[in-house]
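K.L.:
This is the structure I want to talk about, given as C-alpha cells.
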Amino acid sequence: MAPMLAAFVGKHVSVLTLDGRNVVGELVGFDQTHNLVLRHARERNFERGAAVVHVELGLFLLRGDNLAIVGEISAELDRQTQWSAIRGRSLKPIVH
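Read in order, the letters of the sequence shown correspond to residues 1 to 96 in full-length UniProt numbering.
Structural data, given as C-alpha cells:
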C-alpha cells in the first residue's frame, strides 16, 4: 500500500475508517504502519434525514490499523458541492 499512498501525498483525499468515519483533507505524509497525517482535515458526519455536518479537525493523524479506504478526490469538486443539500446514512463499522 505504501507505493499507492506515496502517489497521494500533497493531494486531496477522502479516508473511510473501519469504525465508519469519513475524513477528508490533504495527505501530508504516512509511515511504515500506514498511519496518515492530513492537513486541513475535516470529518463528514452523515445522519439519516439531516444535512451533512462538517467537523473541522485541522492537522490530524489517522491510525493505519483503522483505515478501510483511501482515495484521491477533486478539491475543486469538493468545494463546489452543496453539502447542506446532501442526505445520507452513516456507515456502520466494519466487523472482521
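Virtual Cβ for every residue (Gly too), placed ideally from N, Cα, C. Because the structure is a prediction, the values reported are computed rather than measured.
Identify every run of the alpha helix (DSSP H) within the UniProt domain "Sm" (1-76), keeping only runs that are complete inside it and at least 4 residues long; order them along the chain.
P.N.:
2-6
K.L.:
With a threshold of 8 Å on Cβ separation, who are the neighbours of R42 within its own chain once the five nearest residues in sequence on each side are excluded?
P.N.:
The residue labelled residue 42 in the question sits at position 42 within the sequence shown. Taken in chain order, the residues that qualify are V23, V24, G25, H54, V55, E56 and L57.
K.L.:
Quick one: what does DSSP say S84 is sitting in, helix, strand or coil?
P.N.:
Within the sequence shown, numbered from 1, the residue matching residue 84 stands at position 84. In the structure shown, S84 sits in a helix (DSSP, three-state: H, G or I).
K.L.:
Suppose the cutoff is 6 Å on Cβ atoms and the five residues either side in sequence are ignored; what does the same chain contact list for V37 look like?
P.N.:
As a working mapping, residue 37 is identified with position 37 in the sequence shown. For V37, the CB contacts under 6 Å within the same chain, skipping 5 residues up- and downstream, are V28, G29 and L61 in chain order.
K.L.:
Please return the same chain residues whose Cβ sits closer than 8 Å to the Cβ of N35, not counting the five positions on each side in sequence.
P.N.:
Taking the first residue of the sequence shown as position 1, residue 35 is located at position 35. L61, L62, R63 and G64.
K.L.:
Using a threshold of 8 Å, state whether the C-beta atoms of A68 and T17 are closer than that.
P.N.:
As a working note, residue 68 is residue 68 in the sequence shown. As a working note, residue 17 is residue 17 in the sequence shown. Yes, Cβ-Cβ distance for A68 and T17 is below 8 Å.
K.L.:
Once you ignore the five residues that flank P3 on each side, which residues in its own chain have a CB closer than 8 Å to its CB?
P.N.:
Here the question's residue 3 lines up with position 3 in the sequence shown. Once the five neighbours on either side are set aside, P3 has no close Cβ partner at all.
K.L.:
Let me make sure I understand the geometry here. Which of V9, I86 and E47 has the alpha-carbon closest to that of G20?
P.N.:
The residue given as residue 20 occupies position 20 in the sequence shown. Nearest C-alpha to G20: E47.
K.L.:
Which class does R89 belong to by DSSP, given the choice of helix, strand or coil?
P.N.:
Locating residue 89 in the sequence shown gives position 89, counting from the first residue. R89 falls in the coil class under three-state DSSP.
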